[in-house]
Each structure stands twice: as structure tokens, then as C-alpha cells.
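Peer 1: Using full-length UniProt numbering, you'd call the opening residue of the sequence shown number 1 and step up by one each time.
Glycine is no exception: its CB is placed at the ideal position from the N, C-alpha and C atoms.
I'd like to ask you about the structure that follows.
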Amino acid sequence: MAYVANLTLGMETLFHMIQRKEIVVITRTIVAEAYDTYYRSPTLKEVNMAVRDYIGDEEVFKAFRRDKAAQKVKDIIENCRCIPPERF
Numbered sequence: 001m002a003y004v005a006n007l008t009l010g011m012e013t014l015f016h017m018i019q020r021k022e023i024v025v026i027t028r029t030i031v032a033e034a035y036d037t038y039y040r041s042p043t044l045k046e047v048n049m050a051v052r053d054y055i056g057d058e059e060v061f062k063a064f065r066r067d068k069a070a071q072k073v074k075d076i077i078e079n080c081r082c083i084p085p086e087r088f
């Protein structure tokens, strides 16, 4: 769950960086910079804590039901989205 949320939010960081800098070609360096920016942000910890709290609050088997887990990941992503000027 955390992997999906972190990957989505990391890609969103890349998207905002590209828009801001008007980059035409995406290089490995730009991708690395975007993920470094995301992983240094407080959002990473927030996402991981939200997933831990969710799994801790639910019975293990119930927590990983496909529909319920997918909805929780969606909720976490929505709650943790950044406003571009905050980080860039």
C-alpha cells in the first residue's frame, strides 16, 4: 500500500517539477531529483504512518481486502497531495 501511494506521489512530484521548469526531455537526473525531493519531504513519513495506522486498526486479513485497501490507498494519496509551491 505504501509503495503504491509513494510511487504515485513521487511521480506527481516529477510532474510538478517538469511543469515548473518547462522541461521537454525527462532525464534520469530529473527523475532522481524529483524522487529525492519527495523522499526528503515530510509527506513520505505521513504516508507511511497512515498505512501503518490503517493496518494497525484493522484485522490483518480485513486490511488487505482488495477493494478496501485500494480505497484506503486512494484516500491516503488524496490527503497527502502537495500543493506545488510548497516544495518547488
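1) Kindly list the residues whose CB is nearer than 8 angstroms to the CB of E12, restricted to its own chain and excluding five residues on each side of it in sequence; keep chain order.
2) Use the C-beta contact count for M1: other C-beta atoms within 10 angstroms, 16 or more gives buried, fewer gives exposed.
3) Report yes if the CB atom of G10 is closer than 8 angstroms to the CB atom of A32, and no otherwise.
4) Could you pull the start and end residues of the alpha helix (DSSP H) that C80 belongs to?
5) When the distance is taken between beta carbons, is K72 closer than 8 angstroms to Y54?
Peer 2: On the basis of the supplied data:
1) Locating residue 12 in the sequence shown gives position 12, counting from the first residue. Excluding residues within five positions, the ones whose Cβ falls inside 8 angstroms are R81 and C82.
2) Your numbering for residue 1 matches position 1 in the sequence shown. Counting Cβ neighbours within 10 Å, M1 comes out buried, since at least 16 surround it.
3) Taking the sequence shown and counting its residues from 1, one reaches residue 10 at position 10. Taking the sequence shown and counting its residues from 1, one reaches residue 32 at position 32. The answer is no: Cβ separation not under 8 angstroms.
4) Along the sequence shown, one-based indexing puts residue 80 at 80. C80 -> alpha helix (DSSP H) spans R66 to C80.
5) Along the sequence shown, read from residue 1 onward, the residue named residue 54 stands at position 54. Along the sequence shown, read from residue 1 onward, the residue named residue 72 stands at position 72. In contact: Y54 and K72 (Cβ atoms closer than 8 angstroms).
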